[in-house]
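Top to bottom, those sequences are chains A and B. Mapping of the first sequence onto my numbering: residues 1 to 280, in sequence order. Mapping of the second sequence onto my numbering: residues 1001 to 1315, in sequence order.
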Amino acid sequence: MSDASTIATARRRHYSALTQGGIALLLVWTALAAFGPYLAPHGPGEAAGAGVFAPMSAAHPLGTDYLGRDMLSRVLHGARYTIGVAMAATVLACICGVALGIFSAVRRGWTDSVIGRAADALISIPHLMFALVVVAAFGTSLPVLVLMAAITYVPGAFRFARALALDVNAMDFVEVARARGERTAYIVWAEILPNMVVPLLTDFGLRFVFVVLLLSGLSFLGLGIQPPNADWGALVRENISGIYEAAPAVLMPALAIAMLTISITLLIDGFSGRDRPMVR
Amino acid sequence: MLMLGMILRRVCGGVLTLLIVSLVVFIGTNVLPGDATEAILGQSASPEAVAGLRHALGLDLPAHARYLHWLFGLVSGDPGVSLVNRLPVAQLIGPRLANSLLLTALTAALAVPLALLIGITTAIWRGSLYDRVANLAAVSLVAVPEFLLATVGVILFAVQLHWVSAMAKPSVGSLGEALQSFTLPVLTLSFAITAQMARMTRAALLGVLDSSYIEMARLKGVRPARLVLRHALRNAAGPIANAVALNLSSLLGGVIIVEVIFSYPGLAKLAVDAVETRDMPLVQACAMIFCTTFMLLVLAADICSILSNPRLRTG
Chain A
1 MSDASTIATA RRRHYSALTQ GGIALLLVWT ALAAFGPYLA PHGPGEAAGA
51 GVFAPMSAAH PLGTDYLGRD MLSRVLHGAR YTIGVAMAAT VLACICGVAL
101 GIFSAVRRGW TDSVIGRAAD ALISIPHLMF ALVVVAAFGT SLPVLVLMAA
151 ITYVPGAFRF ARALALDVNA MDFVEVARAR GERTAYIVWA EILPNMVVPL
201 LTDFGLRFVF VVLLLSGLSF LGLGIQPPNA DWGALVRENI SGIYEAAPAV
251 LMPALAIAML TISITLLIDG FSGRDRPMVR
Chain B
1001 MLMLGMILRR VCGGVLTLLI VSLVVFIGTN VLPGDATEAI LGQSASPEAV
1051 AGLRHALGLD LPAHARYLHW LFGLVSGDPG VSLVNRLPVA QLIGPRLANS
1101 LLLTALTAAL AVPLALLIGI TTAIWRGSLY DRVANLAAVS LVAVPEFLLA
1151 TVGVILFAVQ LHWVSAMAKP SVGSLGEALQ SFTLPVLTLS FAITAQMARM
1201 TRAALLGVLD SSYIEMARLK GVRPARLVLR HALRNAAGPI ANAVALNLSS
1251 LLGGVIIVEV IFSYPGLAKL AVDAVETRDM PLVQACAMIF CTTFMLLVLA
1301 ADICSILSNP RLRTG
């Protein structure tokens, strides 16, 4: 009894040790994405008058960029692009993927094979390469970027949701509902979907991380968000010439991305408990 | 026989997928109304000149004919002519492809042994501080963008310490030059895939370590290192090979970023430049090479899992 409870507390403590930091960081970034532009001391295009590539100081906590603009303000304004655009794309990808996945799992038959084959084809295009082809064809407007990132990650979300739905679909309570004569729509909505929510949420988080990395990578290549707007990837790109002065303007936006993605990954790792050595 | 059939089916599936991919790439790069003629002649060209060029480029043919023509050209090694400098695409791609292969081969040569070493040792000492630190590092590294690793590397080793060059070039005279040129790009690329590969190796080993024959060996008093190396590793070889191939395929995304950062004259840099100039034949060819390589690696991963399944081998 006491053994069991100490194991339980040890488990819980380990859980929070890994995830608390993640949760805190994530909350900070969410707040930044929502209120960043209001907190920024300067406008996004405003010259701060401290010269270009100024080091970190009290007046400019993150220094200034290649045009002498306040870097903190640039990062705060960029948060909305990095987090907002990625969030929109991830939500879109997951809704489509989950809908298609459940549909395939419940319908089976040739619809399932056709959707599955299409997903296989899309998945076998390296993501950044797909992004390059789309940008070459359709340009870099915001809707194109969101749609492109969403389409890139639909197949993954689809596969995950389909496998999950197949598992749930084979369970006894679904069988019972079917025997009761419930309609398929009801079974999907009331029996299958609620039992998929937790794994779907972790999947959503992981996918969000990938979308952030994809979009900022694209912006870093100069093929994402276009000036005068800038997400964090674009901020790294436009200040890359400052690397020889070891300017914070290059490092800070890249660090912002890393902190965002690492915090989410740690959070998911803690929640899903995969490979957690203590528990095994 | 069963095994051969499964592998054949996988290969056919791969070819079919590649056909669909080629269709996606072709449609994607042909969907806009303003075509190559406008890019070459400018918007103020006379209609006669446009029509003449369209005919010369074969753009007046119906879409399916153009697709088939392009596809056969691709298969026979003639993916068309670049719109920007009028050179055959094959001639542009050849040396670039060799450079990219060199970069990825060096990365694989470093990352694969390192990942296996870390994966196996963390499985042997699972639950130890080393295991937990390695796991935490792996989880974090997977989520770090390549350009952060690259910029930190350049600032530290090229700008501050002057150990290596911030530019990478493939033609090197001596070993010293090679180290100067390749250290940073290879390290940058290695970080993320090593982390992921080591994690998957460890997970594959742990999956086997939970089976009852391992429990039996453990009860007989076999030491952990011997348990993993002699008893578990052989049965985890399939999933591990699978993990290696899959992670090498994810290298292809990183290569794009790294070649641009270090101005390395590889295929990915060529593709990015082609996107900027909207040089569609070049974009198409680069995209297809990337997709085919990706496909081959995934296929290799699949075949590894099939070959390592003893139930299929005897069947």
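A virtual CB, placed ideally from N, CA and C, is assigned to each residue, including glycine.
query, result
"Cut-off 8 Å between Cβ atoms - residues of its own chain near A:L267, not counting five sequence neighbours on either side", "T19, G22, I23, L26, G205"
"Distance, A:S141 Cα to B:L1092 Cα", "30 Å"
"Pair within 8 Å by beta-carbon distance, B:T1277 and B:V1015", "no"
"Cβ-based burial, B:D1302 [other Cβ within 10 Å; buried from 16]", "buried"
"7 Å CB neighbourhood of A:D70 in its chain, flanking five on each side removed", "P41, H42, A48, H60, T64"
"Contact set for B:G1207: own chain, Cβ-Cβ below 8 Å, skip 5 residues either direction", "A1236, P1239"
"Coil, strand or helix - A:E182 by DSSP", "coil"
"8 Å Cβ cutoff met for A:V135 and A:L215", "no"
"Sequence-distant residues of the same chain with beta carbon closer than 6 Å to B:C1291, five excluded per side", "V1021"
"Cβ of B:C1291 within 8 Å of any chain A Cβ", "yes"
"Member of B:R1009, B:R1230, B:S1308, B:V1255 whose CA lies at the smallest distance from the CA of B:I1193", "B:V1255"
"Close-in-space but distant-in-sequence residues of the same chain around A:G51 (CB under 8 Å, 5 per side omitted)", "T64, G68"
"For A:P248, the nearest candidate out of A:A31, A:Y66, A:W29, A:V133 (CA to CA)", "A:Y66"
"Length of the line joining the Cα atoms of A:R162 and B:S1250", "23 Å"
"Under 8 Å between C-beta atoms of B:A1243 and B:T1201", "yes"
"Interface positions of the region 229-252 of chain A facing chain B (Cβ-Cβ less than 8 Å), listed along the chain", "G233, V236, I240, I243, Y244, A246, V250, L251"
"Chain A contact for B:P1145 (CB, 8 Å cutoff)", "yes"
"Residues within the region 1267-1280 of chain B neighbouring chain A, beta-carbon criterion of under 8 Å", "A1271, V1272, A1274, V1275, E1276, R1278, M1280"
"Secondary structure of A:V176, DSSP reduced to three states", "helix"
"Counted within 10 angstroms of its Cβ, other Cβ atoms place B:L1209 as buried (16 or more) or exposed", "buried"
"Same chain only: Cβ atoms within 6 Å of A:A58, ignoring 5 sequence neighbours per side", "none"
"Range covered by the alpha helix (DSSP H) that runs through B:K1269", "1267-1276"
"Option nearest A:I115 by Cα separation, candidates A:M129, A:A131, A:C96", "A:C96"
"Cross-chain neighbours of A:L100 in chain B, by beta carbon under 8 Å", "Ordered by position in chain B, no residue passes the 8 Å Cβ test against A:L100, which lies about 17 Å from the chain."
"Nearest-angstrom Cα separation, counted from A:Y153 out to A:G181", "35 Å"
"is_contact[A:I7, chain B] using C-beta, thresh 8 Å", "The pLDDT assigned to A:I7 is 47, lower than 50, so where the model puts this residue is not dependable; a value taken from the coordinates is nonetheless given after this. No, A:I7 lies away from the interface with chain B (no Cβ there is under 8 Å from its Cβ)."
"Under 8 Å between C-beta atoms of B:Y1264 and B:L1103", "yes"
"Minimum Cβ-Cβ distance from A:T140 to chain B less than 8 Å", "no"
"Listed by chain order, chain A residues near B:V1154 by CB distance under 7 Å", "I243"
"Listed by chain order, chain B residues near A:G217 by CB distance under 8 Å", "P1145, E1146, F1147, G1253, I1256, I1257"
"C-alpha gap between A:S124 and B:T1017, whole angstroms", "8 Å"
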